[in-house]
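**Student:**
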């Protein structure tokens, strides 16, 4: 019984490490594409990212199955780390190191994802400001209109009344 759980956990960790490695490489490529404004690369990367996300979701379901199996046998099921510490014996140290490395990699991926969000958000803000300048003939949009509640039609290039 414990051997089956250990084999399933070892296989899970191997698959997770592969997907995390591919996702790390893709995230680095995505950051380069974002900072160098390579839209065609971003479209391809987005498709690849979707495939990896699907694989991660499949792995999450597998992790949950392993933990449910452990719970049915009254073994620790809070996390794979708790499970391995309880049943690992001969492979315990190796699996614990792999799980901790996977946790570290997951934290790095979350950080990189946050960086991508910041880049996207700032790019969106710059784009919005540029559109606003075009709409107002190169002048910044007024924040307040003194005593004027009428709607404005926009600048020379962009007619908002249409």
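Numbering (the numbering used here), first residue to last: 1 to 162.
Ideal Cβ placement from N, Cα and C applies to all residues, glycine included.
Just so we're clear, the structure is a prediction, and the values are computed from it rather than from any experiment.
Which ranges does the alpha helix (DSSP H) cover as unbroken runs of at least 4 residues, wholly within the region 21-82, from first to last along the chain?
**Tutor:** 39-72
**Student:** In angstroms with no decimal places, state the Cα-to-Cα distance between residue 123 and residue 129.
**Tutor:** 10 angstroms
**Student:** Okay, do the region 58-78 and the region 12-26 touch, 3+ Cβ pairs below 8 angstroms being the bar?
**Tutor:** yes
**Student:** Measure the C-alpha to C-alpha separation of residue 22 and residue 132 and round it to an integer number of angstroms.
**Tutor:** Going from the Cα of residue 22 to the Cα of residue 132 covers about 39 angstroms.
**Student:** What's the gap between the Cα of residue 183 and the Cα of residue 81?
**Tutor:** The requested residue 183 does not occur in the structure, where the chain is confined to residues 1 to 162.
**Student:** When burial is assigned at 16 or more other CB atoms within 10 Å of the CB, is residue 11 buried or exposed?
**Tutor:** Classification of residue 11: exposed, given that the 10 Å Cβ count is below 16.
**Student:** Using the Cα positions of residue 69 and residue 126, report the straight-line distance between them to the nearest angstrom.
**Tutor:** 51 angstroms
**Student:** Return the chain-ordered list of same chain residues with a C-beta closer than 6 angstroms to the C-beta of residue 99, the five sequence neighbours on each side being excluded.
**Tutor:** 80 and 81
**Student:** Residue 10 by DSSP, collapsed to three states: which one?
**Tutor:** helix
**Student:** Can you give the beta carbon distance from residue 5 to residue 96, rounded, assuming they're within the 8 angstroms contact cut?
**Tutor:** With a Cβ gap of about 15 angstroms, residue 5 and residue 96 do not count as contacting.
**Student:** Grab the span of the alpha helix (DSSP H) containing residue 130 for me, first residue to last.
**Tutor:** Where residue 130 is concerned, the enclosing alpha helix (DSSP H) stretches over 92-135.
**Student:** For residue 30, count neighbouring C-beta atoms within 10 Å of its own C-beta (all shown protein chains included) and say buried if the count is 16 or more, exposed if not.
**Tutor:** buried
**Student:** Using beta-carbon positions only, say whether residue 107 and residue 20 come within less than 8 angstroms of one another.
**Tutor:** no
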